[in-house]
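One line per chain: the protein sequences are A and B, in this order.
Residues in the first sequence are numbered from 221 upward in steps of one, following this note's numbering.
Residues in the second sequence are numbered from 0 upward in steps of one, following this note's numbering.
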Amino acid sequence: MRAGTQKSMDQQLIVRAQNGDKLAFQLLVKEFLPMISGLAYRMLNDKAEAEDLAQEVMLKLWQNLKSYDSSRAQLSTWIYKIASNRCLDQLRRKKPDQLADDYDEIVPPSQDNELYEKQINKKVESALQDLPERQRLALVLFHYQGNSLTETGQIMECSSEAIESLLARARRSLKVSLKPIWQQMEQEKL
Amino acid sequence: MMTDFASQEMTMTVLEQVLEVYGADLNRMPDALAHKVSAFIETDDCGRKLFNEAASMDEVLNIHTDLPHFDFNALEISIASSLQDDIEINPRAAANDNGWIVTSGLLAASLLLGLFFGSLGAGTYLFDGSGALSVASASMTDDIFYINEDFNLVGNLIAGIE
Chain A
221 MRAGTQKSMD QQLIVRAQNG DKLAFQLLVK EFLPMISGLA YRMLNDKAEA
271 EDLAQEVMLK LWQNLKSYDS SRAQLSTWIY KIASNRCLDQ LRRKKPDQLA
321 DDYDEIVPPS QDNELYEKQI NKKVESALQD LPERQRLALV LFHYQGNSLT
371 ETGQIMECSS EAIESLLARA RRSLKVSLKP IWQQMEQEKL
Chain B
0 MMTDFASQEM TMTVLEQVLE VYGADLNRMP DALAHKVSAF IETDDCGRKL
50 FNEAASMDEV LNIHTDLPHF DFNALEISIA SSLQDDIEIN PRAAANDNGW
100 IVTSGLLAAS LLLGLFFGSL GAGTYLFDGS GALSVASASM TDDIFYINED
150 FNLVGNLIAG IE
């Protein structure tokens, strides 16, 4: 959760940017670009696509900034909403075979720790990609991007209960698909 | 409204539901719920096992936390440059807006003029009596003397107005 002073500074920047101040907008870009890039990368699993999408979202934000009403939603929620919708659009355009990944045998950590982590990362990415889009989006927004249940609900335009349901289904699926990995981690702890 | 897990009696079923939503990170749970979960897993072995499984699962998910290196400076420059292009686009858009106003004004003026001449009965001078438009007939025959001698439209029109 971002601090109140930061929100107040954002508010000033928004008002200036809404009046056409490009420098103020550049400061907003600096603040929100990492957030959008992170979301886009976790949703699309492609760095170049994530960069393009983040840039596109920021330009869309500039074009539509005048329609932003701070009494209705936080700027971060509004930006997340634009970015989430763009991610979902892009995913729907992608062919399923572009998302597929192979499931090789994992090298045990004792042999090569760096390779082990890379392989697990790849498996997690793959398991996330196999989730239905909205479950993945809910998990990325809540677990990775650190939004609350209420914020995630506002971004995805659904109730907190619906978000709980999406998160539960996502974690249930991941628990099954990543079982060999988390069980291995369990055994290492013993 | 969020499910109020904290007001429910903590059982294995409720704990499982809580862990499916929040994972094993107590900091992400509402305070009252986090206390209830902590108390439950301290006393219940099965609950602790379930919680540890969720913690291992979170650990696996968090391996994916690292993002690739993004060149944010380059992205910011690219966005700034697109904003500069926008400055060049806006004056054109403004000019187009003015163009619409001028065009609409001219169209309205020509409509009013037409209504004015129509109200003076000038329409009768535009036709040759057969119902065919004289101008169309002139363009068909391409005979300039024919128009000048027999259908002096402009002269007739002015005379009609006078």
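Heads up, the beta-carbon is just placed ideally off N, CA and C, and yes, glycines get one too.
Open item on the list: Any beta carbon of chain B sitting closer than 8 Å to that of I401 of chain A?
Closed with: The sequence position of residue 401 of chain A within the first sequence is 181, counting from 1. Taking a beta-carbon distance threshold of 8 Å, I401 of chain A counts as an interface residue toward chain B.
- [ ] Answer with buried or exposed for F115 of chain B, where buried requires no fewer than 16 other C-beta atoms within 10 angstroms of its C-beta.
- [x] The residue you call residue 115 of chain B lines up with position 116 of the second sequence. Exposed, because fewer than 16 other Cβ atoms sit within 10 Å of the Cβ of F115 of chain B.
Task: Rounded C-alpha distance that separates V17 of chain B from D84 of chain B - done: Sequence index remark: in the second sequence, residue 17 of chain B carries index 18 (1-based). Sequence index remark: in the second sequence, residue 84 of chain B carries index 85 (1-based). Using only the alpha carbons, I get a separation of about 50 Å.
Open item on the list: Looking at the secondary structure, which residues open and close the alpha helix (DSSP H) in which G258 of chain A lies?
Closed with: The sequence position of residue 258 of chain A within the first sequence is 38, counting from 1. That run of the alpha helix (DSSP H) goes K242 to L264.
Task: Contacts of N341 of chain A in chain B (Cβ-Cβ under 7 Å) - done: In the first sequence, counting from the first residue as 1, residue 341 of chain A sits at position 121. By Cβ distance, chain B contributes I62 and H63.
Open item on the list: Going by DSSP, what residue range makes up the alpha helix (DSSP H) through R306 of chain A?
Closed with: Position 86 of the first sequence holds residue 306 of chain A. Element bounds for R306 of chain A: L295 to R313.
Open item on the list: Taking the beta carbon of T372 of chain A as the centre, do at least 16 other beta carbons fall within 10 Å, making it buried, or is it exposed?
Closed with: Here residue 372 of chain A is taken as the residue at index 152 of the first sequence, counted from 1. Buried, because 16 or more other Cβ atoms sit within 10 Å of the Cβ of T372 of chain A.
Task: For G373 of chain A, the three-state DSSP class (helix, strand or coil) - done: Residue 373 of chain A sits at position 153 when you count from the first residue of the first sequence. Helix at G373 of chain A.
- [ ] Report all residues from its chain with a CB closer than 8 Å to the CB of D142 of chain B; omit the five preceding and five following residues, and keep chain order.
- [x] Counting from 1 along the second sequence, the entry for residue 142 of chain B is found at position 143. Low confidence applies here, because D142 of chain B scores a pLDDT of 44, under 50, leaving its location unreliable and the question unanswered by this model.
Task: Rounded separation between Y364 of chain A and H63 of chain B - CA only - done: In the first sequence, residue 364 of chain A corresponds to position 144, counting from 1. In the second sequence, residue 63 of chain B corresponds to position 64, counting from 1. Those two C-alpha atoms are separated by around 9 Å.
Task: Contact under 8 Å by Cβ, P344 of chain A with L259 of chain A - done: Along the first sequence, read from residue 1 onward, the residue named residue 344 of chain A stands at position 124. Along the first sequence, read from residue 1 onward, the residue named residue 259 of chain A stands at position 39. In the sequence on display, residue 344 of chain A carries Val and not Pro. No. Outside cutoff.
Open item on the list: Taking CB distances under 8 Å as the criterion, tell me whether R392 of chain A reaches chain B.
Closed with: Indexing the first sequence from 1 puts residue 392 of chain A at position 172. Put simply, the CB of R392 of chain A is near chain B, with a gap under 8 Å to one of its CB atoms.
- [ ] Could you confirm whether any beta carbon from chain B is found closer than 8 Å to the beta carbon of Q246 of chain A?
- [x] Locating residue 246 of chain A in the first sequence gives position 26, where the first residue counts as 1. Closer than 8 Å to some Cβ of chain B, the Cβ of Q246 of chain A qualifies, so yes.
Open item on the list: When you compare the CB of D322 of chain A with every CB in chain B, is at least one pair closer than 8 Å?
Closed with: Counting from one through the first sequence, the residue named residue 322 of chain A turns up at place 102. Residue confidence is low: D322 of chain A scores 46 on pLDDT, short of 50, so the model does not pin down where it sits. Its coordinate-derived value is still stated next. Interface flag for D322 of chain A against chain B is unset, since no Cβ pair is found closer than 8 Å.
Open item on the list: Cutting at 6 Å between CB atoms, please list the residues of its own chain near A23 of chain B, excluding the five before and the five after it.
Closed with: The sequence position of residue 23 of chain B within the second sequence is 24, counting from 1. Taking C-beta separations shorter than 6 Å and ignoring five residues to either side along the sequence, the partners of A23 of chain B in its chain run F50, A53, A54 and D57, following chain order.
- [ ] Anything in chain A within Cβ reach of A79 of chain B, meaning under 7 Å, just list it in chain order.
- [x] Numbered from its first residue, the second sequence carries residue 79 of chain B at position 80. Under the 7 Å cutoff, chain A gives Q246.
Open item on the list: What does the Cβ neighbour count give for E377 of chain A, buried or exposed, with the cut at 16 atoms within 10 Å?
Closed with: Residue 377 of chain A sits at position 157 when you count from the first residue of the first sequence. With fewer than 16 Cβ atoms within 10 Å of its Cβ, E377 of chain A is classed as exposed.
TODO: Determine the direct distance from the alpha carbon of E406 of chain A to that of K48 of chain B, and round the result to whole angstroms.
DONE: What you label residue 48 of chain B is simply residue 49 of the second sequence in a count that begins at 1. What you label residue 406 of chain A is simply residue 186 of the first sequence in a count that begins at 1. Per the coordinates, the alpha-carbon of K48 of chain B lies some 10 Å from the alpha-carbon of E406 of chain A.
- [ ] Under 6 Å Cβ to Cβ from A382 of chain A, same chain only, skipping five residues before and after it: list those, please.
- [x] Position 162 of the first sequence holds residue 382 of chain A. Closer than 6 Å at Cβ, skipping near neighbours: no residue.
Open item on the list: For R389 of chain A, which residues in the same chain have their Cβ closer than 7 Å to its Cβ, ignoring the five residues on either side in sequence?
Closed with: Residue numbering aside, residue 389 of chain A sits at position 169 when the first sequence is read from its first letter. The residues are Q355.
TODO: Report yes or no: do the stretch 334-352 of chain A and the stretch 274-289 of chain A share at least 3 C-beta pairs separated by less than 8 Å?
DONE: No, the stretch 334-352 of chain A is not in contact with the stretch 274-289 of chain A.
TODO: Closer than 7 Å, Cβ to Cβ, to anything on chain B: give me those residues from the stretch 282-316 of chain A, in chain order.
DONE: W282
Open item on the list: If the criterion is Cβ atoms closer than 8 Å, does the pair K301 of chain A and I375 of chain A meet it?
Closed with: The residue given as residue 301 of chain A occupies position 81 in the first sequence. The residue given as residue 375 of chain A occupies position 155 in the first sequence. Yes. Within cutoff.
Open item on the list: For the pair the stretch 246-254 of chain A and the stretch 63-83 of chain B, tell me if three or more CB-CB distances fall below 8 Å.
Closed with: The answer is yes - the stretch 63-83 of chain B touches the stretch 246-254 of chain A, with three or more Cβ pairs under 8 Å.
Task: As assigned by DSSP and simplified to three states, the class of Q403 of chain A - done: Walking along the first sequence from the start, residue 403 of chain A turns up at place 183. Residue state, collapsed to three classes: helix.
Task: Beta-carbon contacts of A5 of chain B that lie in its chain and below 7 Å, excluding the five residues immediately before and after - done: By one-based count along the second sequence, residue 5 of chain B stands at place 6. Counting only Cβ-Cβ distances below 7 Å, and skipping sequence neighbours, we find P29, A31, L32 and K35.
Task: Range covered by the alpha helix (DSSP H) that runs through E345 of chain A - done: Along the first sequence, one-based indexing puts residue 345 of chain A at 125. Run containing E345 of chain A: N333 to D350, per the alpha helix (DSSP H) assignment.
- [ ] Could you tell me whether any Cβ in chain A is nearer than 8 Å to the Cβ of V13 of chain B?
- [x] For the purposes of this step, residue 13 of chain B is taken as the residue at position 14 of the second sequence. Chain A contact via Cβ: absent.
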